[in-house]
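Here is the structure we will look at, set down as structure tokens.
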Amino acid sequence: MENTMPGSFNELLKTHDKPILVDFWAEWCGPCKMVAPELEKFAQAHQGQVTVVKVNIDEKPELAQQYGVQSIPTLMLFKGGEIAEKVVGAIPQAHMEKVFAPKLA
């Protein structure tokens, strides 16, 4: 998983051929800390199918605002530069599998 900057993030959305799962989070967010290992498991299970990017909303508030993030953690799956799915709140890997995995193909 990688952290990103606004310019590179928008460029990534435009040019990346695989779906991108974005985790909007913050250091002070307890539920975000619970989601992190679950997201890591999901990323490992789907290695090569999806790129996972973490965006710290305290460091990149403009990205959170651009995508309407009002609560964290927020997970957004982008395909072809567009939001394909969005989940707000801490969810386990099993829920990520149900929501995001079908959209990776």
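Residues in the sequence shown are numbered from 39 upward in steps of one, following the working numbering. C-beta atoms are modelled at their ideal positions from N, C-alpha and C, and glycine is treated no differently.
Check your understanding: When the cut-off is 9 Å and only beta carbons count, does P140 lie next to chain B?
Key -> In the structure shown, chain B does not exist; there is a single protein chain.
Review point. Do the stretch 95-107 and the stretch 74-83 make contact, defined as three or more Cβ pairs closer than 8 Å?
Key: The stretch 95-107 vs the stretch 74-83: no contact.
Exercise for review: Let me know if W66 comes out buried or exposed under the rule of 16 or more other beta-carbons within 10 Å of its beta-carbon.
Suggested key: W66 comes out exposed.
**Study point:** Where A102 sits in the DSSP three-state scheme
**Key:** Helix at A102.
Review point. Would T112 be called buried (16 or more neighbouring beta carbons within 10 Å of its own) or exposed?
Key: Answer is buried; the Cβ neighbour count reaches 16.
**Study point:** Exposure of T89, with buried meaning 16 or more beta-carbon neighbours within 10 Å
**Key:** Its Cβ being crowded by 16 or more others within 10 Å, T89 is buried.
Practice item. Might you give, ordered along the chain, the residues of its own chain that have their beta carbon closer than 7 Å to the beta carbon of A128, omitting 5 neighbours on each side? Key: Contacts found: P69, M72, V73 and P111.
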